[in-house]
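Chains as they are written, first to last, in the numbering used here: chain A, 4 to 341; chain B, 4 to 341; chain C, 4 to 341; chain D, 4 to 341.
Glycine included, C-beta positions come from ideal geometry on N, C-alpha and C.
What follows is a set of notes on a single structure, which appears directly below.
There are 4 protein chains.
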Amino acid sequence: MTLQIGVIGTGAIGQDHIRRLTQTLSGAKVIAVNDIDAQRARGTIAKYELDAKLHEDPHSLIADAGVQAVLVTSWGPTHEAFVLAAIAQGKPVFCEKPLAETAAGCLRIADAEQASGRRLVQVGFMRQYDKGYRALREVIRNGGIGEPLMLHCAHRNPTVGESYTASMAITDTLIHELDVLRWLLDDDYISAQVVYPRRTRNAHAGLADPQIVLLETARGVRIDVEVFVNCQYGYDIQCAVIGETGTASLPEPSSVLLRSEARVSSRILTDWKERFIDAYDFELQAFVDGVKGRGLSGPTAWDGYAAAVAADSCLLAQKSGKVETIAMQKRPAFYAPD
Amino acid sequence: MTLQIGVIGTGAIGQDHIRRLTQTLSGAKVIAVNDIDAQRARGTIAKYELDAKLHEDPHSLIADAGVQAVLVTSWGPTHEAFVLAAIAQGKPVFCEKPLAETAAGCLRIADAEQASGRRLVQVGFMRQYDKGYRALREVIRNGGIGEPLMLHCAHRNPTVGESYTASMAITDTLIHELDVLRWLLDDDYISAQVVYPRRTRNAHAGLADPQIVLLETARGVRIDVEVFVNCQYGYDIQCAVIGETGTASLPEPSSVLLRSEARVSSRILTDWKERFIDAYDFELQAFVDGVKGRGLSGPTAWDGYAAAVAADSCLLAQKSGKVETIAMQKRPAFYAPD
Amino acid sequence: MTLQIGVIGTGAIGQDHIRRLTQTLSGAKVIAVNDIDAQRARGTIAKYELDAKLHEDPHSLIADAGVQAVLVTSWGPTHEAFVLAAIAQGKPVFCEKPLAETAAGCLRIADAEQASGRRLVQVGFMRQYDKGYRALREVIRNGGIGEPLMLHCAHRNPTVGESYTASMAITDTLIHELDVLRWLLDDDYISAQVVYPRRTRNAHAGLADPQIVLLETARGVRIDVEVFVNCQYGYDIQCAVIGETGTASLPEPSSVLLRSEARVSSRILTDWKERFIDAYDFELQAFVDGVKGRGLSGPTAWDGYAAAVAADSCLLAQKSGKVETIAMQKRPAFYAPD
Amino acid sequence: MTLQIGVIGTGAIGQDHIRRLTQTLSGAKVIAVNDIDAQRARGTIAKYELDAKLHEDPHSLIADAGVQAVLVTSWGPTHEAFVLAAIAQGKPVFCEKPLAETAAGCLRIADAEQASGRRLVQVGFMRQYDKGYRALREVIRNGGIGEPLMLHCAHRNPTVGESYTASMAITDTLIHELDVLRWLLDDDYISAQVVYPRRTRNAHAGLADPQIVLLETARGVRIDVEVFVNCQYGYDIQCAVIGETGTASLPEPSSVLLRSEARVSSRILTDWKERFIDAYDFELQAFVDGVKGRGLSGPTAWDGYAAAVAADSCLLAQKSGKVETIAMQKRPAFYAPD
């Protein structure tokens, strides 16, 4: 049986997921497409030679009897409404980040999903599907380093454009750590602080870069995340977990070891798309397999909510220079971790 | 369009490829199955819930009008006949190692394929699809280390069973290096020598383990391959290319870096199946995409022939203790590298 | 010419320096020894077969016309008086940490040294003589990573005894980073903050371990130092400097790379004495050579003062939980860096 | 007590040892100097401000009653005579490589030393004093990898001058491996073979570079040593020991890890003098300490003989292209390893 999928939003990420479903993954088919720009939707259908219906109205796509699952890859502010509509139709929905514009919006989705009685929502936090983070989590869970006490992390991009603002350091960059570290530790954040190191001269005039975000979890784990989006040298994601008896670090991507010109060296990626390319495949295959099989198991609406709450406090901390509380509602049993 | 595939042979590797085509890869479907043991073929159809016809006769499967491409994963001695039959039908065929029992058999296949006027055969040398070897080849081709002069390689297994014989060190173990190193260098072997180091006490009584195979290529590159199949500590594949201006080494598999018990360490795989698991997916997806698109581009019948000739000389060298010539026929233009 | 040295204090570190001067280094000789415990001084003379005079009174040793330079390795609270006495005699003096019990005491020494008109004091901050830190500093100075923006450091000991207190995390452990990082950056600290991660269960009941110390420098560099003295797995010193165009890390000690039991691994030291053993030799040889040659060039009385001021603020920050100012006096031209 | 040393030969290596004894090491003093060029000897005395007597005749230096030990750093062909003269005087002698021009000459020295009844000769094979090789040997001896079965080694220089000949690849380059590998394994060589890979275009016209030397030991260990003296990229010494249960590799020199320009990299040395600089200090300090204390323990006259015999067979193998026997006399009990 092939899962019949409707896609709302055919921008870059929407097209990428359509390509994935059509040319790489197994067991799914795009049979309906919508975009606010009908011309772009039509072009996408042609480009990927889809046997798919063009819906002018996203809600008609969601209601289409042939559509068994929905992908929401439209503009962020529209996510909440489309996800709620899919839940109302009882249809599984994969929604790109952010799940909703506000923490309240995320909660509304979580409430609707709980009311529906089963998991229908998977959020596009792909790092949970990265083999490296999975291996790191396994080491922690197997007791390889004892109880985690501290995390030292870095999220470095070679450069960002003029349109990148300080708050995007939280909502576009740190957001990935906010999701994946919580999942890594099975823990929740309780406070955030932001400190500003000396500015690099390679950032555009309006941007304080780098920033260091200090987080504290309910169990007392202290996390520092260096966010440095003009580091010049590469796209470099680091995560070291310091436990009671040892430390464990996120694997570096595999690379040829070169001895040349008086250096032993290996390559650092420069394009973020390459870094987690497999994770994008895995998350979407997991969605397809989950819908067809034993239910969804990936990032939940609650994960979307948790990331939103933490991001809000980090934004506050960016401005206040103080330690800000991260106050989440109590997690419903429905979202208890496996 | 979904490629309709018929599979001959439903042993371990056959079932693995069926699983791959059915649950992981994109664009193909198993619609016909044969095995010398019809019961096993039937069980496989049930296990993977295939919508496939059971053929009692492999040649009827090959002739089946619905079958657009054939997978040969049966017992080695049967490969040649099935591949030739597929060629006779003008059908693309993916054949597991060995392509034929003898170099002469490989040549017969190459002749038939040439007579057919287009590439129809892909041999299951999956290492050419390994990302690590691909990256290594790219470094060489881009001139990153100058012209290659020497290769130092190792093929280590943790342990082998009593049924493993000295000649299997060539035909089952070294065979992978024989294929991939030739492809890595775009070069041909001209001689082989085998030397026997001190025996490990961890091999069974009848087995000289380790062995070192010394190869020479037409361009004068010297290769040493350590074959050590009872190394105890892991499944470890190493390949260092020494060029005129630098050296390049096959990437180690990614792994969590652990600091624990006074050691910095990372994991070595112990199961060979894990080591090249992605390469198996890539080779078969490439076959499917090639058949559906711009033609086959993977390991050719000529590659199968070249590996067979080299293996024959290595077997001779194992016994003679001398430098043995590796004499291949001239490569037809049909098989000129891309 | 052999430099004639008098040593005050023959405890562990005193004896170690005597052994060094007598059996390892070049150009110096211990000719006078004092200890508050004359018996211990006598035993030391015998043990190292010194041709040295036993002084019952430390000040008589300092005044001894044969003594050309003084080593102060006595109990901390006595350092200031002995160093001042040596300066009064116009004799070069090597003093172990701490230079004085208080920042004010360090300043008194600096004042006396300036009044003497030439450098007479070298403080025993041996990390400035570690080859690794020296190489790191060279990379920074050569512009290899652009201007430094952040430092991520760790100081980990496998375990500490019951007598180790929280304040010792600053005065005995962090003190090394306080000295060496300032030297590495040619910069001064302006604030300190201490945060407490989840406690390890492997520390004794009274000790909050680990701690994270956050420092800020005059140029805006942000430093985080993880102090973790019961990390179990080894003695591990880490220092990564993040600059505008790249990062540079303190070299790991050289170690045999082992492939064994499904791990690639190298050794981590467990004994702090091994980690900087060469640096101890280099600092003392530099003192000897400096006295005999072109003057002292190692850690100055001002460095001793700077470390004392920073440590005082860190101790405050440990208790207040707040960001504490580090306010140093203006550096005299006498102590301008080379 | 200071050991009084006489030095014969004040060329580059002679001056380097004099500097070492005078400015770096402990417990020795150069009190007599000879060189075939008296002017050069005089200049050396001035340069290092030695309180030393100039001997016009080397044999008068050896006979000088004040001279307690002799350093032979003169032209190779003179070594044998000077070492024999020192033995005749009952004086300990440190002799640079080669101990003698021929294996027969080495034997004459060994015979004379045995006749003297105690160890008087230390040969300047400094690699036995390298910390890396020492650590590697310890791992092997402690059973960390089981019994050694194979060694894969490389000796790479960035470049050599026009005067470097093919035979120097053995006598000047490989000679270090011939000594140190034998010591590493506590084993003796029994055969040698040389194969010639594709020539690099970066060697001068007359030189076949690289070469691969294959050695076999009495216990059956197989060794391959790649000798590549125009590798361009650095001075790189590699040694991997493959044992029954694991592998161990010579540590890489410590280096700052840099992340810059899309590469993680560390430095490779380019100057051979830097690579083993500490080992030179250790070997000579060991000689001084041995003479003054419990006797010599470093490389023996027998080690000099063994290296000479092996080198002779390698030179033969270079020309014959065949496997050549390495036939040593039986080791006298006098030279039994510790």
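Using only alpha-carbon positions, find the residue among the options that is nearest to residue i.
i: Lys134 of chain A; options: B:Trp305, B:Arg334, B:Val259, B:Gly164; result: B:Val259
i: Thr47 of chain B; options: B:Arg22, B:Ala66, B:Gln71, B:Ala31; result: B:Arg22
i: Gln42 of chain A; options: A:Phe231, A:His58, A:Leu253; result: A:His58
i: Ala55 of chain C; options: C:Ser63, C:Pro61, C:Arg45; result: C:Arg45
i: Glu83 of chain C; options: C:Thr105, C:Ala310, C:Leu261, C:Trp186; result: C:Thr105
i: Leu218 of chain B; options: B:Val198, B:Asn205, B:Cys234; result: B:Val198
i: Asp182 of chain C; options: C:Asp306, C:Leu87, C:Thr25, C:Asn37; result: C:Asp306
i: Ala339 of chain C; options: C:Pro302, C:Gly108, C:Pro95, C:Leu64; result: C:Pro302
i: Ile11 of chain D; options: D:Glu180, D:Leu123, D:Leu74, D:Gln18; result: D:Leu74
i: Ser194 of chain A; options: A:Pro200, A:Arg185, A:Arg202; result: A:Arg185
i: Ala243 of chain C; options: C:Thr81, C:Ala157, C:Asp284; result: C:Ala157
i: Tyr51 of chain C; options: D:Met4, D:Gly93, D:Gln92; result: D:Met4
i: Pro213 of chain C; options: C:His207, C:Arg225, C:Gly223, C:Pro200; result: C:Pro200
i: Trp78 of chain B; options: B:Ile90, B:Asp67, B:Glu99; result: B:Glu99
i: Leu188 of chain B; options: B:Leu87, B:Arg144, B:Val312; result: B:Arg144
i: Ala35 of chain B; options: B:Asp60, B:Gly9, B:Gln18, B:Gln321; result: B:Gly9
So who's on the other strand from residue i, going by DSSP bridges?
i: Asp227 of chain D; result: D:His155, D:Leu217
i: Asn37 of chain A; result: A:Ile11, A:His58
i: Asp239 of chain A; result: A:Arg159
i: Val267 of chain B; result: B:Arg262, C:Ser269
i: Thr250 of chain A; result: A:Ile245, B:Arg262
i: Leu102 of chain A; result: Paired residue(s): none; Leu102 of chain A is not in a bridge.
Classify residue i as buried or exposed, calling it buried when 16 or more other Cβ atoms lie within 10 Å of its own Cβ.
i: Ser323 of chain D; result: exposed
i: Gly237 of chain C; result: buried
i: Arg130 of chain A; result: buried
i: Gly249 of chain C; result: buried
i: Met153 of chain A; result: buried
i: Asn37 of chain B; result: buried
i: Ala15 of chain A; result: exposed
i: Ala103 of chain A; result: buried
i: Lys276 of chain B; result: exposed
i: Thr25 of chain C; result: buried
i: Thr328 of chain D; result: exposed
i: Glu141 of chain A; result: exposed
i: Asn233 of chain A; result: buried
Helix, strand or coil for residue i per DSSP?
i: Phe97 of chain B; result: strand
i: Ile11 of chain D; result: strand
i: Asp114 of chain C; result: helix
i: Lys32 of chain B; result: strand
i: Cys361 of chain D; result: There is simply no residue 361 of chain D to check, as chain D begins at 4 and stops at 341 in what is shown.
i: Ala68 of chain B; result: coil
i: Leu261 of chain B; result: strand
i: Arg334 of chain A; result: coil
i: Arg45 of chain D; result: helix
i: Leu74 of chain A; result: strand
i: Ala88 of chain A; result: helix
i: Ile245 of chain D; result: strand
i: Arg121 of chain D; result: coil
Inset, instruction - Go through the region 136-212 of chain C residue by residue and report every complete run of the beta strand (DSSP E) that reaches 3 residues or more, in order. - result: Whole beta strand (DSSP E) segments, 3+ residues: 151-159, 192-198.
Legend entry - Complete runs of the alpha helix (DSSP H) confined to the region 274-329 of chain D [at least 4 residues]: Fully enclosed alpha helix (DSSP H) runs of 4 or longer: 275-278, 280-295, 304-323.
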